[in-house]
Structures are given as structure tokens and as C-alpha cells.
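The structure appears below as C-alpha cells.
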Amino acid sequence: MATPVDLLQGTLDVLVLKALSWGPRHGHGVARVIRDSTSGTLDVTDGSLYVALHRLEERGLVDSEWGLSDKGKRARFYRLTTAGRQQLKTETAGWQRYVQTVTRLLTATTQPA
Amino acid sequence: MHVPTWRRYLRFWRSDIDADLAEEFRFHVDAEMEYLTARGWTPAAAREEALRRFGDVEQYRCDCRSADERRAGREHRKENLIVLKQDIRFALRSLRQQPAFTAIAVITLALGIGANTAIFSVINSVMLTPLPYREPHRLVMLWETRPGSDRPLVSYPNFKDWQQRQRGFEDIGVYYPWASFTMTGRGDAERVDGALVSGNYLQLLGVRPALGRLVTPADDSPGSARVALLDNGFFQSRFGGDRSVLGSTLVLDDQAYTVVGVLAPDVRVSYRAGDQNPDVVLPVGLFAADAPYNRRGQPDLFAVGRLKPDVTVQQAVSDLQRVNTELRTEYPGENAGLGAAGAPLMYGVVRFIKPALQILMAAVALVLLIACANVSSLVLSRSAARQREFALRTALGAARGHIVRQVLTESVVLALAGGTLGVGIAVAGVRLLLTLQRGAPRLADSHVNTPVLLFALGVSLLTGLLFGLAPALQSGSAQLVSALKEGGRGTSGGASLQRTRAALTVAEVALAVVLLAGSGLLVRSFARLTAVDPGFQPSHVIAAMVRLPAGKYPSVEQARVTLDQLLAKVRAIPGVQSATLGSDLPICCQGQSTISFASRPEADQSKLALLNVAVVDPEYFETLQIPFVGGRHIETGDRAGAPLVALVSERVAKKFFAGASPIGERLRLGGGGQVNNTSSWRTIVGVVRDTRTDGLAEAPRGTLYLPRAQEKMRGGFVIVRSTRPAEQMTAQLRRALAEVDPDVPLERVQTMDAALAVEVEGPKFSMLMLTLFAAVALALASVGIYGVISYNVTQRTGEIGVRVALGAQRRDVAALVVGQAMAMAAVGVAIGVLLALWGGKSLSAMLFGVGPRDPLVLGAASVFLLAVALAAALAPALRAMRIDPTIAMRAD
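The listed protein sequences correspond, in order, to chains A and B.
Position 83 of the first sequence, counting from 1, maps to 83 under the numbering used here, and the rest follow consecutively.
Position 386 of the second sequence, counting from 1, maps to 1386 under the numbering used here, and the rest follow consecutively.
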């Protein structure tokens, strides 16, 4: 994760995987989950979510198939594969370690020895 | 830009990817609009906001599409692999179910592929592998051309002048591969083979020493310190690889040489056909003052030039011609009619074996074609039986393409199995070739290596596609309804299938006729060649070379006495009828010299006499039984000091004296009668019959016989006619020589029969190989005929039953079956004869005494094939005759 772009891409992938962890969703559903749960803090275009979905599918982390939306329209649904679930677990753990480390440093009240 | 293969397939569903993306994006924007309007946005504002939130549609579409394409490509490949695996598994299962069919097909293919692989491995090593020298494409073999001479040699003095005056080569070097020395001072005297090289020769080739240094130009003059180079094989075998031999002294022909180096193991001093590496390499310059290297008119050396960059062989040779113009003027006698010629070094290696290899490659290609036709026919008959299976699978929804692919896969699997077995056959075949033909250039290097294996793989795949094509197309065109219907009535494969099989059989017969005719021509040619009268009686004669070293026998007189003693001892051996000594045997290839006749004008260069010259004892003609024609024999009175005499063979009289008696004519060795000729005049006193001194296939150029008593000779061939077996005589001969001088070895012991056999070894090899391939072709073709006819009888059992029931005689039934076989064979033979007539020319270079369109051979081949066809049809015909109409008609 050398460059900010990579960081963003990697982060986006984890968010998409997380959004799918509660069950299959179409792209719009994924976008809504991310938008709602972050209250718009992250400035992510919807289109970039689709790129993330298609790349995750290429890597075999998600699967897709066509189905009907709750409004009865043809929509492409994505779901996590086993590899995707595993990947989410790994990335979540890594992310938490990263955040804890950074947080510990940023919130330190005494100067480290 | 490079487009991967899978992308080309992708075009078929690229539209799908695009449509899916469009639909997905559209759904998203619609859903977002709905979401926004539900929260109070106006439809127009909601649409604008939804699009804003989506971002750059084109960019994202592009990114998504490429991700999708990569995934689709990967999946496509995976799918293909799975299908291929399935096809192969299915093919293996279906081949296992019919082991007899599979075995016959695999063996047939293995024969074809094996023969091709074996011959290719020879061609690969002989003709395709570059010579083991630095930048071999720039090396050129060079030789003098002289009226009446066809040996690719150059004389030492002319070579020196070429070297100094030419401008087209970086350098020119020479070598002489057939020197031989007696090595003493290291245990028993032994004979070692030597090569003489000019000082620059080895550097010019670009070869390296393993130890010490090479021979250099500084070693290369009569006054230089005597140095020798050891061949690596000799270094290992004779000196056990002991490095201390470097700098030590080697005594060769009683001269001391310092060993200065050992050649690297892979170095070949001579590029020429069949030349073994010599044991020792010496600078030729040491001998430049002695005969024959001091004779300008006597070419004896092989020359090799290294072209300057960007100079062609033609340019370099025409530059040598310029030098020759000068040399002809400066030495008008010895260089009369001097010319120069050159060819790439590889030409020198392959020129004798190339036609034979080309013919053999063509022959094995024909064998492979026949094998293909045969297996194709087998697969067809099998697919006839499977017509129902295919129809059923089509009915169950298998795509026509899938069935075609399935049949092709089976063919390729068969071919690969055949190829694997074929490589085994090739390994054995190459070993057999090596034992049959030891002398051929670089043949010993032949083995099955990576290029050969790739060749076998390529041929196998190609073969599989070739013989699989007809059956695959046939199976693909299976008519569903008719196949199921016919299938209900038995296993008829349909008329078109039988026609295809018949056509394949006709092709097999035609190709077999071509091969048979080719081998017939070689057999006939070989018979003619061996029937040639060599001009003497070879049976019961053995010959062996004895050479007395100049160091131990400084005076020729001493040597003469010793040789006379030896002959006296040999004549005393029980069973010896006659024994004699000669410098040359009455076979190829004798020493040569230009001759000038006193009565003939020297200016007539085009008729300059180049004759074989042999120095012989009076008994030479009696021992070898060369008939005497006229004049008188060499007599004991023709000794040193007496008037010099000579005998000539008939050819000389015919060629130079228009058939008039040459007796009394005077001649001398060497070209012109000018300043440089110091040899004395001799008088022709007798004429003997010619012997085939220029190869059995060639008219002899004529031989001049000089009495040994009047020549300086320290050795030659002891020739013995006896009633005892050759081995026994050889042992006695050795004993006699040991009594005279135990330090002199007996060399090149051979019976004259064997010596003659060696001369026909090449043609014999080609004949045997072609006959072998023709036999394989014949066997395959007969199996083909049998298969088709036998199948036909099975198929027509019902019809034959009806015929018999209606009163047809057994004889008629047999005639029907045999007639069908003979019709196929006759068409095949007719086509084959036409092909043989058309292609016969390519053999003409290898034929002796028989034309490439010899009617006898073509007729015999045709009759033979018809007979084979008849034989192949007999068993099915007998079966047809035994058909019981009641059973046959009930079965139908």
C-alpha cells in the first residue's frame, strides 16, 4: 500500500466485501449500505464501487448472477465466495491492527521513552 | 498490439459483456433516482444527482469491461482444458475397449513415424547440424581442376602460391588425412595414423587444443623443429591422458618429434566423409621438400579457405582463377590446364550421401503416408460401426462439432501413442543404421536428441490430423435418420464410406508400387554393379601393406633386399600359389600422375594424360590374374641400370594411340616436356587388360605399371594368392614379416573380395534400406486391401446369400470378391506406375546400368503388387464362398 490510490482501492475493496457479508446484494444495494453506514463521510462515486465489484469478481472473491430486485426489475446480484469471506477476515484484522497502532500513537499523552 | 487468442473468441460474447454492463449501470441509476424521488427530489433533479453520484460512466464502463474480459478469457481457457481432458479420457476409454484395433493402429503408426524419425535423425546430424568449426558458413573447400582429373585436391607448391597471391580469403590452409607412421621407442613398434596440416590450418578452422598449443605457421617449413600434436582419443587411449607426454619425444618413422599439444576432445581435423581423426597431427611443411609435396603437378592435399566477410564463394574462386592464369604461365608444363573450384565446406561433407538420404527421406515419407491411409481406413471402418453411437449422441443434443472434435482427439491420441512407440523404433533403427553404414560422414553422431524428438512430435500430430480428417468429416456428416434406420438393419456404414476406404486403399497400393519400383531399381543396379568384371580375379587373394621406415632403411637398396626376402619367405608358405608386391591394388583408388608421351604434342592440353600409376613386381599380373594382351611382361632383367620400361593397360592404348599398339612408345612422368621435368623417358614394352581402378561404376582411366626394380620403393601391398583360408594366411604372413623385421607392423590386411565389397557398401546400404521400406509398405498395403475386402464381404453377406440362393456358383462368388480386390489393385498399380515414371528421375544419380524407367522393374513391381492383392483377397473370398444362403438371408 505505497500510494494513496492503492490505499483507497484496497479500502474500497474491504468496504465492498463487508457490505456483501450480510448477504447477496445488487450494486445499488452495496452503494446504499456504504453511503448510509458512513453518512457520506467517504467521498466515493458509485461507479468506482462497480469497478471494485467487477475486479473482486475477477479475483474470485465475489460471484454474480442475474436476479430480480424487490421492485421486480432484472438486476445483477453479488455474493461473497468462500475466498472472499476469508479475504474479508484477513483484511479486517489487518485494518484493525493498523488503526489501533496509529490511534495509540496519536492519542498518547506521555512522550514515549 | 498483440491480441491474445482467447480475445478472438471473446468477440462472440463481447456484446454480452457490454449489454450486461449497460443494463447494470442503467438499473443503478434508475434505482438511485427512485431512492431520491422517494425523498422529495424532482425526477429531473434526481436523475442529475444520480448521474453525478455515479461519476464518469465511460471510464467505469471501460474498467469494468476489462476486468470482465480477463475473467471471461480465463474461464474460457479453463473450460477448453476441461473439455480436452474429457475428450482425451473418452478417447482412451474407447480405444481400450477395442484393443485389437488400437494395437494394429498404434503399431502401423509407430512403424511409419519410427522410420521417419530414424532417417530424420541421420539427416539432422549429417546435413543440418553445423560443422564443428568457428563460423562454418564462411569455410570453403577448394581444389585444383585439371583436365581428366576429378579429385578435389591441390598440390603443395600451388597451394603456397594461392595462399600468397589470393585476395578473397582471410587465409587458405591444407591438410592430408591419410599419412601413416611407425612409432617406435615406446614398447613394440606400432602403426599410427597421421594427418599433415599447414601451420595455419587448425587456427583457420577455429579449433582449440585441450593441452599445450596448436601447430603454428612457425612449425611449418622443412627446417623447422619437428613438432607433433596428439589427437585427444589417442592421448587418452595410448597415453592414458597423462599430461607429462607434453614436451616429450615421439619417434615416428625414426624421426624425433616434440609433443607440443593435445587437441580438444570434440575436434575433427578432417571435415571429410568418413575420415577418422588421426592419432597425430604434424606440420606438412616439414615434408615440403620431399615427394610428393615438392611436385607442383601432383595434387595431394585438401584445401580449406575462410572467406573474407561479404565475399562469395564465386568471387573468391574467380580470384583464384586470376592467380591460376599467372601459375599457368610460370609453370606451363606442370600447370597445363590448371583451374580452380570451390564449394561450401558442407558440400564436401554431404555430396556423396545427400542423394541417398534424400531418397530415403522420400521413401519413409511414403511409408508414413501409407500408414496414414491404412489407419485412416481402420478408423473409418470403426466409425462405421459407431455410426449409431454418433447418431444417438447427436439426437441427444451433442453438437456436430463436438463429435468431429471427439474423433479427431482419438486420432491424435492414437498418433501420439504411435509416435511414442515410434521413437523407440527410431532409437533401435539408428543403431541398426550405424552398424550397416559405418563409413558415412558424421553418421556416427546420429542420435535421437531434442530436435529429433520435436520432429517426432510434430510428425505424430500431423499424422493424427491427417488420418483423422476423413473419419472425422465422415462422422460429422452422419445423417441422423438414415444412420439410425440403417443401424436398425445391421452395421452398414453407407456407400460413401466404402468409397472413401477404397480410395485410401488405391492410394496405398499406388505408393507401395512407387516404393517397390524404387527398391527394384536399386536392387537391379546393385546386381549390375556387383556383376561388373573388376578386371582381375579377387577370390582367394589377400593383400596387406608393409612399409619399411626410411630411418631404419636409409638406402632404397636395403629396403629392396628386405622386401625380396619377405617375398621369398611368403612364397615358401605351404598353400601359396603366387605372391607379389605392388604399390597399389587393382581397385579404387590408385596413385595418379600426369604423363607426357614423346610422340604426342605437348601443346594439346585438353588431352593431357592423367593416369593411374602402380609400381609392381613381375608376378603382379599372375597373382591377380590380370590378363596379358600384348608385348612382353616385366622381366627380371628390368632392373636398376637397365633401360627403363613400363606396361600400360588397354585403355591407355585406346585413348592416346587410337587403338594402335603403344609398344615402343616412350613416356615420362610429369606434365610437359619443359624445364621442370627431370624424370627419365621409359619405353612401353607391354599391354595388359584394364582393371576398375576408378570405382566399379566408372570406366577406368588407364593404368601405367612400372617395375619395382627400377623405382625407389620402401614398401607396398604384399599380395598373395593361396588355397588356404584368409585368417590362416594372415597369421603366416605376420610370422614371415616378423622373421624379416619384427619392428614393422602388417597393415590394412584384407581379402580382395572384401576390398571390392567396401566399394559397393554405399549402394548396398541404400538398396537394403529402400528394400526394407518397400517391404513395410507392401505389408501395410496388403493389410489395407485385406481389411477393405474382408469388411465388404461381411457387409454383403446378405446380398451374396441371395445370389447363391438364385443359383450363383461358388466360383462366381469368389470371382466377385477377388474381382473387387483386383480392380482396386489395378487402379492403384496404374497410378503407382505413372508416379514411378514421373519420379524415377530422382533416383537416376544412384543407378548403374539400369534406367530410372526400367520397364522390367516397373513390370515386376506391378505384377508383384497384383499378386499380393490377390493373396490378400483370398481369405475373404473363401469366406464368401462358404456363405450359407439360408443363414445369411435369415440374419438379414
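Positions of the beta carbon are idealized from the N, C-alpha and C atoms, including for glycine.
*Name the residue from 1381(B), 1587(B), 1513(B) and 1727(B) whose alpha carbon lies nearest to the alpha carbon of residue 1499(B).*
For the residues 1381(B), 1587(B), 1513(B) and 1727(B), the minimum Cα distance to residue 1499(B) belongs to 1381(B).
*Nearest-angstrom Cα distance between residue 1095(B) and residue 1410(B)?*
8 Å
*asked:* What are the residues in the stretch 14 to 46 of chain A lying within 8 Å of chain B by C-beta distance?
replied: Residues passing the 8 Å Cβ filter: 26, 27, 28, 31, 32, 45 and 46.
*Cβ-heavy atom distance between residue 1217(B) and the ligand GDP below 7 Å?*
Absence of the ligand GDP is noted for the structure shown, with no ligands found whatsoever.
_I need the straight-line Cα distance from residue 1016(B) to residue 37(A), nearest angstrom please._
34 Å
*Exposure label - residue 1588(B); buried when at least 16 CB within 10 Å*: So residue 1588(B) ends up on the buried side.
*Looking at C-alpha atoms only, which residue of 1839(B), 1833(B), 1796(B) and 1852(B) is the closest neighbour of residue 1885(B)?*
1796(B)
*When you compare only the Cα positions, how much space is there between residue 1287(B) and residue 1735(B)?*
33 Å
*Minimum Cβ-Cβ distance from residue 57(A) to chain B less than 8 Å*: Yes - at least one Cβ of chain B is within 8 Å of the one on residue 57(A).
*If you follow the beta strand (DSSP E) that residue 1101(B) is part of, which residue opens it and which one closes it?*
Taken as a continuous stretch (DSSP letters only), residue 1101(B) belongs to no beta strand (DSSP E), being part of the alpha helix (DSSP H) at 1099 to 1123.
*Roughly how many angstroms separate the alpha carbons of residue 1134(B) and residue 1204(B), rounded to a whole number?*
Going by the C-alpha atoms only, they are around 8 Å apart.
*Under a CB-based cut-off of 8 Å, is residue 51(A) close to chain B?*
yes
*Local Cβ density within 10 Å of residue 1490(B), reported as buried at 16 or more and exposed below that*: At residue 1490(B), the pLDDT of 42 sits below 50, so the modelled position is not reliable and the matter cannot be decided from this model.
_For residue 20(A) and residue 1378(B), what's the separation of their Cα atoms in angstroms?_
Each residue's alpha carbon lies about 59 Å from the other.
*Nearest-angstrom Cβ-Cβ length linking residue 1829(B) and residue 1789(B), presumed shorter than 8 Å*: Actually they do not touch by this definition, with Cβ atoms about 16 Å apart.
_Looking at chain B, is there any beta carbon in it that lies within less than 8 Å of the beta carbon of residue 75(A)?_
yes
*Test: residue 1054(B) CB closer than 8 Å to a CB of chain A*: yes
_Tell me which residue opens and which closes the alpha helix (DSSP H) that residue 1565(B) is part of._
1556 to 1572
_According to DSSP, is residue 1287(B) part of a helix, a strand, or is it coil?_
helix
*Would you kindly work out how many angstroms separate the C-alpha atoms of residue 1452(B) and residue 1124(B), rounded to a whole number?*
Residue 1452(B) and residue 1124(B): Cα-Cα distance of roughly 8 Å.
*Which runs of the alpha helix (DSSP H) fall wholly inside the stretch 1750 to 1790 of chain B and span at least 4 residues, in chain order?*
1752 to 1759
*Answer yes or no: do residue 58(A) and residue 77(A) have a C-beta to C-beta separation smaller than 8 Å?*
no
*Near residue 1597(B), what residues of its chain come up, given a Cβ to Cβ distance below 8 Å and the 5 sequence neighbours on each side ignored?*
Counting only Cβ-Cβ distances below 8 Å, and skipping sequence neighbours, we find 1609, 1656, 1665, 1666 and 1667.
_From 1537(B), 1538(B), 1562(B) and 1496(B), residue whose alpha carbon lies closest to that of residue 1549(B)_ = 1562(B)
*Following the continuous beta strand (DSSP E) through residue 1542(B), name the residue where it begins and the one where it ends.*
1541 to 1547
*residue 1731(B): buried (16+ other C-beta within 10 angstroms of its C-beta) or exposed?*
exposed
*Below 8 Å on the Cβ atoms is my guess for residue 1280(B) versus residue 1231(B); work out the distance and round it to an integer in Å.*
7 Å
_Please list, in chain order, the chain A residues whose beta carbon lies closer than 7 Å to that of residue 1071(B)._
Identification of chain A residues near residue 1071(B) by a Cβ-Cβ cut-off of 7 Å yields 57 and 58, ordered along the chain.
_So, for residue 1041(B): in the same chain, excluding its five sequence neighbours on each side, which residues have a beta-carbon less than 7 Å away from its beta-carbon?_
For residue 1041(B), where only same-chain residues beyond five positions count, the Cβ hits under 7 Å are 1049.
*What residues from chain A crowd round residue 1049(B), counting only those whose CB sits closer than 7 Å?*
Per Cβ cutoff of 7 Å: no residues; residue 1049(B) is ~11 Å from chain A at best.
*If we count the other Cβ atoms within 10 Å of its Cβ and call it buried at 16 or more, is residue 94(A) buried or exposed?*
exposed
*Could you have a look at residue 1592(B) and say whether DSSP puts it in helix, strand or coil?*
strand
*Short-range partners of chain E found in the stretch 1018 to 1052 of chain B, where Cβ spacing is below 9 Å*: You won't find chain E in this structure, because its protein chains are A and B.
*Would you report the Cα separation of residue 1613(B) and residue 1254(B), rounded to the nearest angstrom?*
28 Å
*Count the other C-beta atoms from every protein chain shown that fall within 10 angstroms of the C-beta of residue 1116(B), then say buried if there are 16 or more, exposed otherwise.*
buried
*Looking at C-beta atoms only, is the number of pairs between the stretch 1216 to 1224 of chain B and the stretch 1151 to 1163 of chain B that lie closer than 8 Å three or more?*
no
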